[in-house]
Amino acid sequence: MVYCQKCGTQNDDDAEFCKKCSNSLTTTVKAPKKRNDQCDEECAVGERSPWSKFFWGIILILFGLWIVFSVVIPNTSLADELPSWIVNFEFWWLIGLIVAIAIIMTGIRIMIRK
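Residue numbers (this note's numbering): 564 to 677.
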């Protein structure tokens with residue numbers, strides 16, 4: 564005997580529908596829905612912040628400056644003519660600052676979403 568999941572009525576084993584409420588007694592597998600790839604990307608990542616381009620632009624500019632100050636300037640003939648603070652400029656503290664700002668921005672973004 565098969566029981567209806569909707570109303571609980573007892574039905575014959577070979578019955579396809581409930582004799583009381585006409586609910587289907589056979590389980591049907593629904594075809595999976597087609598998903599939009601763009602929706603998958605947006606749902607997984609979320610909308611990008613307007614500050615995202617600005618942030619990554621600043622990161623690229625600072626990376627370029629780091630290369631100029633740590634690789635290019637010390638290895639040129641101008642190194643003797645430039646002030647010592649330019650030749651010996653330390654960028655390592657700036658990397659820590661960038662990481663700290665990124666963490667703070669991520670925390671604020673998480674707080675705003677919830």
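All residues carry an ideal CB built from backbone N, CA and C; glycine is no exception.
Keep in mind that this is a model prediction, so the values were computed, not measured.
query: In whole angstroms, what separates the C-alpha of I658 from that of L628?
result: Here residue 658 refers to the residue found at position 95 when the sequence shown is read from its first residue. Here residue 628 refers to the residue found at position 65 when the sequence shown is read from its first residue. If I take the Cα positions, the gap works out to 12 Å.
query: Do you know how far the Cα of C581 is from the Cα of I667?
result: Residue mapping note: residue 667 aligns to position 104 of the sequence shown, counting from 1. Residue mapping note: residue 581 aligns to position 18 of the sequence shown, counting from 1. Computed Cα separation, rounded: 59 Å.
- request: Look at the alpha carbon of S647 and the alpha carbon of T669, and state the distance between them as a whole number of angstroms.
  value: Taking the sequence shown and counting its residues from 1, one reaches residue 647 at position 84. Taking the sequence shown and counting its residues from 1, one reaches residue 669 at position 106. Rounded to the nearest angstrom, the two C-alpha atoms are 37 Å apart.
field: Exposure label - G641; buried when at least 16 CB within 10 Å
entry: Against the sequence shown, residue 641 aligns to sequence position 78. Here residue 641 turns out to be Leu, not Gly, going by the sequence shown. By the neighbour-count rule (16 or more Cβ atoms within 10 Å), L641 is not buried but exposed.
field: Bridge-paired residues (DSSP) for F580
entry: Numbered from 1 along the sequence shown, position 17 holds the residue referred to as residue 580. According to DSSP, F580 bridges with S587.
query: Using DSSP with H/G/I as helix, E/B as strand and the rest coil, what is N638?
result: In the sequence shown, counting from the first residue as 1, residue 638 sits at position 75. The answer is helix: DSSP assigns N638 an H, G or I state.
- prompt: What are the partner residues of V565, as DSSP defines its beta bridges?
  reply: Numbered from 1 along the sequence shown, position 2 holds the residue referred to as residue 565. Partner(s): N574.
query: Any idea what DSSP makes of L645, helix, strand or coil?
result: As a working note, residue 645 is residue 82 in the sequence shown. L645: coil per DSSP, three-state reduction.
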